[in-house]
Structures are given as C-alpha cells and as structure tokens.
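Here is the structure we will look at.
Number of protein chains: 2
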Amino acid sequence: MVRVRPVIDKMEPYVPGRSIKEIAENYGLRESDIIKLGSNENPLGPSPAAVKAMERELESAHRYPESNLEDLHEAIADYAGVDGDQVIVGGDGADEIIDVLGRTFIDPGEAFVVPMPSYMYYEYTLQAHDSRPVHARWDVEENRLDLESVLDAIDDSTRLVFLCTPNNPTGGLIDKKDIKAVAESTDALVVVDEAYFEFAGVSNVDLLSDHENIFIMRTFSKVMGLAGMRIGYGLGSPEVIDYMHRVKPVFSLTRPSHAAALATLQDREYLERSAEYSIRSREYLYGELKNFESLRVFESYANYILLDVRGTGKTAAELAEELLRRGIIVRDCTSFSGLDEYWIRVSVGTLEEDKRFLEVLAEIIS
Amino acid sequence: MVRVRPVIDKMEPYVPGRSIKEIAENYGLRESDIIKLGSNENPLGPSPAAVKAMERELESAHRYPESNLEDLHEAIADYAGVDGDQVIVGGDGADEIIDVLGRTFIDPGEAFVVPMPSYMYYEYTLQAHDSRPVHARWDVEENRLDLESVLDAIDDSTRLVFLCTPNNPTGGLIDKKDIKAVAESTDALVVVDEAYFEFAGVSNVDLLSDHENIFIMRTFSKVMGLAGMRIGYGLGSPEVIDYMHRVKPVFSLTRPSHAAALATLQDREYLERSAEYSIRSREYLYGELKNFESLRVFESYANYILLDVRGTGKTAAELAEELLRRGIIVRDCTSFSGLDEYWIRVSVGTLEEDKRFLEVLAEIIS
C-alpha cells in the first residue's frame with residue numbers, strides 16, 4: 001500500500017451524509033415538501049439580481065474564471081468599510097479562508113484555540129495541517145464567551161484564535177472589549193468569524209485599524225443567499241492579506257459565483273430585506289418556542305436558535321429523526337464538542353416554515 | 001506583525017493577472033472580439049444540456065450543495081470504466097485534487113518528482129505544503145519522457161510522482177510501459193495527469209487494476225467545456241480514494257457545477273463532437289504552422305501546440321504582446337521551468353479562430 005501521512009492514517013474515514021433525494025425516498029416525502037432548517041440559509045432565496053447575473057455567465061462556462069478578483073475586492077471593501085487591499089475572497093465559502101489561514105500561519109505541531117462549542121469546521125479543516133486544537137470554553141448557560149479560558153489557552157505555540165460572533169451554534173455575541181483583550185494578549189492572529197453578523201447588526205471591522213493581528217471572516221452563504229455558490233471572504237491588514245494570497249488557490253471561485261457575488265452586493269435592498277425578515281422570523285420563533293415547557297430556548301443574535309431538548313425525554317438524534325420523518329430537517333448538535341446529546345439547532349425559516357415546524361414539534365413533544 | 005510560516009515568508013508575493021476587461025481597455029479592443037487561445041478551453045462552449053441543468057439550479061443558489069456526490073461518482077465511474085468507490089471529485093478543478101494529494105501523502109520535507117517542463121500548478125500548490133520538488137526531465141526535442149531521469153529522481157523520500165500525458169505544454173504522450181516502469185520502481189503514488197486524454201484517445205485507466213500506486217487525474221475544464229465551473233476528478237484504488245476523502249473539502253463543488261457535470265457526462269454526443277472537432281482543428285493548425293519557416297512546431301496529442309519562436313528574432317513575451325495588441329491571447333511559456341524565453345503555447349480554437357490567429361501571426365512574423 002502507498003504510504004499516507006501518519007496524521008491522515010489516524011483520522012476517521014469520511015462517511016457522506018444523505019442527499020435530499022435519499023431522505024425523500026427513505027421517508028416517502030416529496031423533495032419539494034422538505035423544510036430545510038438545518039443549515040442557516042437565507043429562506044428567501046438568492047437575490048433576483050444574482051440569478052440574472054449567473055444566467056448571463058452560463059454560456060461562458062467553458063472559459064476559466066478571472067484570476068483577477070479586484071472588482072469583487074473593491075465591492076466587498078465598499079460593503080465592509082475597508083480598503084480593497086484588505087480583502088481576500090475564498091472559493092469554497094469561508095471554509096477556503098480557514099484552510100488558507102492554516103496554510104499561511106500554522107506549521108505542524110503548532111496550536112490554534114477555539115472556545116467550545118463553536119463552528120466545527122475550524123478543527124475539521126486544520127487537523128489536516130497536523131496542527132494542535134486547544135479548546136477554550138464558551139459559557140453555554142450564560143451564552144457568552146469565557147474570556148479567561150481563552151486567555152489561559154493561549155501560549156507561545158498559538159498561531160490562530162477563532163472567535164465566532166454570533167457564536168455557532170449558541171447564538172450569543174462576543175463583547176468587542178473581549179475581542180480586543182484577546183488580540184492585545186497575543187501575537188497570534190485572532191480570527192473573528194462574522195458569518196452571521198448581519199443578523200446581529202454588530203461588526204468588529206472597526207478593530208482592524210488598531211489591531212493588525214485581527215482578521216474578520218465572513219461568507220456569502222447566509223444573509224447573502226448564495227450558500228450553493230461557495231463564496232467567502234476575509235478582511236485584515238494588507239500584510240496579512242498579501243501573505244494569504246501567496247497560497248490561495250487562484251481559480252477556486254466559479255464564474256457564476258463571481259458574478260452572483262457582485263450582483264448581490266449591489267442589491268442592498270435585498271440584503272436589508274433579508275436581514276430584517278430573518279430577524280423578525282427569529283423573534284417570532286423564539287417567542288413561540290418559549291411556550292414549550294420541555295425546551296430550554298437560547299436567545300440568539302443569528303438566524304438560528306439553540307434548544308436544550310433534554311426535558312422532552314428524547315435525545316437530539318431521536319427528536320431530529322422524528323422531525324425528519326415529517327419532512328423537517330434540523331441540526332442535531334451531538335457532534336459539536338462541548339455539547340452533549342441533547343441539543344438541537346433550528347434555523348430561522350420563512351414565517352410559514354416556522355409555523356409548520358412549531359406545529360410538527362407540538363405533535364411530537366406535547 | 002503576526003508570525004507567518006517560514007515557507008510562506010520566502011515565497012514571492014502574488015501578482016494577479018490582467019482581467020479580460022483590463023486587456024480590452026488597455027488595447028482598445030472589444031471584449032467580444034478577443035480570441036482566447038491561452039488556456040486550452042473547449043472552443044465550442046459548454047454542452048447545451050449542461051447550460052439547462054445549471055439554469056435549473058440558480059433559484060436554489062441559497063441552499064448548500066449536497067455533500068453526498070455519489071451520483072456524480074457513479075456517472076464518472078461509468079464514463080471512465082471503474083467503480084464508484086474509485087472516484088474522488090474536486091471542487092476547484094484538478095487543482096483541488098492536487099492539493100488533496102499533497103495533504104494526504106506528503107509531510108513537510110518529503111519530495112515529489114515532476115519532469116520539466118510540465119504543468120506548473122503541481123509545484124505552485126505543493127510548495128505551500130513545505131514539500132520538496134525534485135525535477136526530472138522531459139525531452140523537449142524528442143517530445144517524450146526521459147524515463148531514466150524520473151527513475152533516477154525517485155528516492156525513499158519521494159511521495160508523489162507527476163506524469164502528465166499528453167504533457168502540458170509540449171503535447172507529447174508518455175508510453176504506457178514507461179508509466180508501468182515508474183510505478184513498479186517505487187511505493188510512491190504515481191499521479192498520471194490525463195487532463196487532455198480525450199484529445200489523444202489514449203488512457204491509462206487499465207493500469208489501475210494491477211497497480212494500486214497509480215492514480216489518474218482528470219478535469220471537466222477541457223473537452224467537457226466547464227473550466228469556469230471548477231470540476232476535477234481522480235481515479236485510484238478504493239484505499240487511496242478513502243484516505244483522500246478524509247481531508248477533502250466537503251462542500252467545494254457549487255450546486256450548478258454538480259448539475260453541469262452530471263448533464264455533460266450524459267451528453268456523449270457533445271463529448272465526441274468536441275474531441276473530434278478539436279483534433280481536426282489541431283491538425284489544421286499544425287499543418288499551417290509548419291509553413292512558417294521561423295517557427296519550430298511540436299506535434300501534439302492535446303488541444304494546444306507548442307512553438308519554438310526563436311527563429312522569429314522575438315522573445316515569446318514580445319510575440320505574445322504583439323498578438324495581444326491584435327486581440328489574440330496565447331500562452332507565453334517563459335514561466336515554465338525547463339523552457340527558456342522563446343516558447344509559446346497556442347490552444348486549438350474554432351477553425352475561424354485558428355485562421356484569424358494564422359493571419360495575424362503572418363502579419364507579425366513574415
């Protein structure tokens with residue numbers, strides 16, 4: 001047998017998830033009837049301007065994408081309030097940005113810090129870099145960052161610190177002063193994951209001017225409505241961005257993705273409407289979920305809500321399965337480090353989808 | 001300043017290429033008049049079935065892609081004559097496959113072997129893995145692999161050997177017996193890059209059954225007409241494929257890319273027509289180029305032709321610039337290791353594009 005890297009040999013084999021088609025077939029559902037509340041997507045769909053822009057690219061699908069993304073860098077810079085040379089775009093959503101961060105900053109054996117529970121893909125991606133995850137703590141009960149645990153986790157071998165705000169899957173925000181405190185305590189790069197910031201109305205971009213070791217990571221997969229097109233971006237000091245560009249895949253953004261990103265950024269009305277809608281839908285869902293005595297419901301600044309379901313007498317896996325049987329996909333959080341087997345994350349849908357979810361939930365746990 | 005990895009610090013800063021729009025503006029051309037013979041794309045455009053399939057996905061652009069690509073694995077397996085568990089799909093063309101090969105097989109300091117000149121992206125991608133390129137030799141004069149140089153370059157630290165056939169940018173084929181000889185000489189994985197195999201009508205897939213250290217790499221960017229959608233694939237032993245899946249980005253293929261790949265594989269008439277057309281166009285272009293006394297023209301099994309232009313008294317850069325001024329993009333090969341500053345690679349276009357290229361070339365060098 002060919003020799004693989006020792007770090008790969010120790011990993012678990014990959015088990016693909018079920019496709020929507022398989023789920024529909026298994027449960028006797030129609031694909032179009034399945035309600036997707038598992039991935040925190042924009043329930044209103046993509047911007048119509050983005051759809052038109054993509055359509056125009058399809059006949060050119062045989063041509064390589066532009067390697068020069070300056071127009072998109074400028075459009076993002078304008079949206080985010082930075083300069084064009086402070087922007088890097090990823091062609092696999094923010095996941096590519098995470099990978100490029102790993103390539104740029106972490107040598108084998110060096111460490112990165114993540115408070116748990118948080119987004120699991122940091123660790124999934126960086127394990128292949130043979131780097132060392134060091135877990136700090138997210139205080140789930142208070143739904144806030146345990147700042148001391150982060151400061152304690154950082155040492156001379158730390159190269160990256162991930163701070164997700166609003167935090168996935170808990171929905172809590174991190175105080176700006178805590179982010180500053182972390183950045184000022186270390187030379188490591190502090191990666192502030194703002195995938196959901198539009199639903200909170202709070203950003204930390206203003207910290208970039210005073211802290212060259214802060215990096216903001218964002219995505220077109222949430223309020224921008226383009227999860228299927230795999231576009232992410234990062235904002236940082238020109239020096240950090242320059243280093244990252246040296247190792248970023250040059251052509252990873254597809255032609256339609258490039259066009260869709262530009263069109264969506266120009267459609268500010270869509271972006272505002274989408275954020276407002278999901279916030280309204282979130283507040284409705286939160287209020288209704290509070291009426292279930294067997295659930296603990298966590299306040300959220302994002303487009304999802306975390307539920308502690310142990311009061312129902314069912315595990316998250318059991319509850320998710322019963323929902324799925326009735327055509328509703330939610331996220332069983334058992335695989336999140338720092339949570340046990342009794343947590344579910346439900347995305348904010350359209351108001352109709354929320355209602356249907358609440359009805360079905362009532363059937364199951366009342 | 002944040003500490004970057006030493007290997008990154010030593011790299012050259014990335015300089016983005018010019019966009020088509022910039023080129024058009026700089027030279028006073030219309031974008032639609034520019035003839036692109038620089039990237040070996042399918043001049044006939046994408047399959048109409050692929051365009052339709054992509055159109056159907058656009059309204060779902062807010063949904064994540066399927067992480068489960070089994071339908072595409074099966075369709076590729078059927079096309080290539082292997083089993084579904086011998087297929088891995090990359091979401092950034094074959095470039096993602098190269099990256100995943102690096103992650104799976106090469107630890108820092110270990111080596112990979114490439115005969116030069118060949119495709120430069122192997123080295124571009126793998127340098128970020130801190131691995132060591134070892135150059136073997138492609139015999140340009142004879143346009144064939146210098147087998148001995150490859151066997152000599154392999155040692156105990158070799159983890160990957162790249163053999164590109166037809167070779168980019170020279171167009172020559174590698175004998176199947178040479179590929180076998182390399183595979184049988186080492187435990188390293190021998191990566192046979194068949195990006196252009198459809199234009200040669202020769203594949204080495206049959207070697208997979210007897211050699212578990214052979215891996216075939218291919219792309220949807222050439223005859224498949226989908227360079228802008230970034231789809232590549234690899235074929236190998238189920239064990240190799242399983243290891244690679246552990247570290248492959250899960251969502252890197254966009255929704256329209258997935259749909260386009262499936263539709264193109266079903267459109268066998270388009271694939272045959274595309275290969276036949278480009279072969280005919282190549283033979284026409286080759287015959288006409290032979291009439292230029294100042295050019296040395298290399299026979300090609302791919303959809304491009306390598307030219308030695310030193311007889312014109314111009315460097316490749318000068319000649320490429322003069323062509324560009326007149327709206328024709330070709331590839332100046334100066335950046336290919338193993339070639340000096342007098343080589344140009346020209347892609348096979350439509351017959352009309354070939355004719356226009358020949359006319360303009362005659363104006364410049366006659």
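Protein chains in written order, with the UniProt record's numbering: chain G, 1 to 366; chain L, 1 to 366.
For every residue, glycine included, the Cβ atom is placed at its ideal position computed from N, Cα and C.
CA-to-CA distance, residue j to residue i, given in whole angstroms
i	j	result
residue 220 of chain G	residue 155 of chain L	45 Å
residue 344 of chain L	residue 307 of chain L	5 Å
residue 102 of chain G	residue 96 of chain G	10 Å
residue 280 of chain L	residue 58 of chain L	35 Å
residue 168 of chain L	residue 202 of chain L	16 Å
residue 333 of chain G	residue 197 of chain G	21 Å
residue 129 of chain L	residue 5 of chain G	12 Å
residue 248 of chain L	residue 90 of chain L	8 Å
residue 158 of chain L	residue 276 of chain G	56 Å
residue 288 of chain G	residue 106 of chain L	53 Å
residue 187 of chain L	residue 1 of chain G	7 Å
residue 86 of chain L	residue 80 of chain L	10 Å
residue 22 of chain L	residue 109 of chain L	40 Å
residue 212 of chain L	residue 8 of chain G	18 Å
residue 204 of chain L	residue 170 of chain L	19 Å
residue 335 of chain L	residue 214 of chain L	28 Å
residue 227 of chain G	residue 153 of chain L	44 Å
residue 261 of chain G	residue 305 of chain G	27 Å
residue 230 of chain G	residue 364 of chain L	44 Å
residue 55 of chain L	residue 78 of chain L	25 Å
Local conformation of residue i per DSSP, three classes
i	result
residue 29 of chain G	coil
residue 69 of chain L	coil
residue 261 of chain L	helix
residue 52 of chain G	helix
residue 116 of chain G	strand
residue 357 of chain G	helix
residue 160 of chain L	strand
residue 256 of chain G	helix
residue 35 of chain L	strand
residue 245 of chain L	helix
residue 172 of chain G	coil
residue 133 of chain L	strand
residue 111 of chain G	strand
residue 375 of chain L	This structure gives no information on residue 375 of chain L, because the portion of chain L shown stretches from 1 to 366.
residue 58 of chain L	helix
residue 233 of chain G	strand
residue 340 of chain L	coil
residue 144 of chain L	strand
residue 178 of chain G	helix
residue 152 of chain L	helix
residue 139 of chain G	strand
residue 125 of chain G	helix
residue 267 of chain G	coil
Selected residue, minimal CA-CA separation from residue i, among the options
i	options	result
residue 223 of chain G	G:149, G:270 and G:325	G:270
residue 192 of chain G	G:110, G:152, G:7 and G:236	G:236
residue 242 of chain L	L:301, L:88, L:215 and L:316	L:88
residue 342 of chain L	L:309, L:294 and L:120	L:309
residue 42 of chain G	G:365, G:357, G:364 and G:348	G:348
residue 72 of chain L	L:329, L:291 and L:255	L:255
residue 136 of chain L	L:163, L:346, L:126 and L:127	L:163
residue 206 of chain L	L:246, L:177 and L:325	L:177
residue 258 of chain G	G:66, G:24 and G:13	G:66
residue 84 of chain G	G:233, G:127 and G:210	G:233
residue 340 of chain L	L:352, L:314, L:364 and L:210	L:314
residue 317 of chain G	G:331, G:33, G:327 and G:361	G:331
residue 111 of chain L	L:161, L:100 and L:76	L:161
residue 293 of chain L	L:75, L:361 and L:238	L:361
residue 302 of chain L	L:246, L:199, L:312 and L:319	L:199
For a minimum of 3 consecutive residues, which ranges assigned as the beta strand (DSSP E) are wholly contained in the segment 270-332 of chain L? List check, beta strand (DSSP E) in window: 304-308 and 328-332.
Whether or not the segment 260-277 of chain G and the segment 20-39 of chain G are in contact is what I'm after, with contact meaning three or more pairs of Cβ atoms, one per stretch, closer than 8 Å; do they touch? no
Beta strand (DSSP E) segments (min. 3 residues) lying fully within the segment 186-230 of chain L: 189-193 and 214-219
For the segment 145-161 of chain L against the segment 136-152 of chain G, do three or more pairs of beta-carbon atoms, one drawn from each stretch, fall closer than 8 Å, so that the two count as touching? no
Check whether the segment 59-77 of chain G and the segment 38-46 of chain L touch, using three or more Cβ-Cβ pairs below 8 Å as the test. yes
Examine the Cβ distances between the segment 115-134 of chain L and the segment 6-17 of chain G and report whether three or more of them are shorter than 8 Å. no
With a cut-off of 8 Å, do at least 3 Cβ pairs link the segment 120-129 of chain L to the segment 283-301 of chain L? no
Every unbroken beta strand (DSSP E) inside the segment 70-108 of chain L [3 residues or more]: Counting only runs of 3 or more, we get 87-92.
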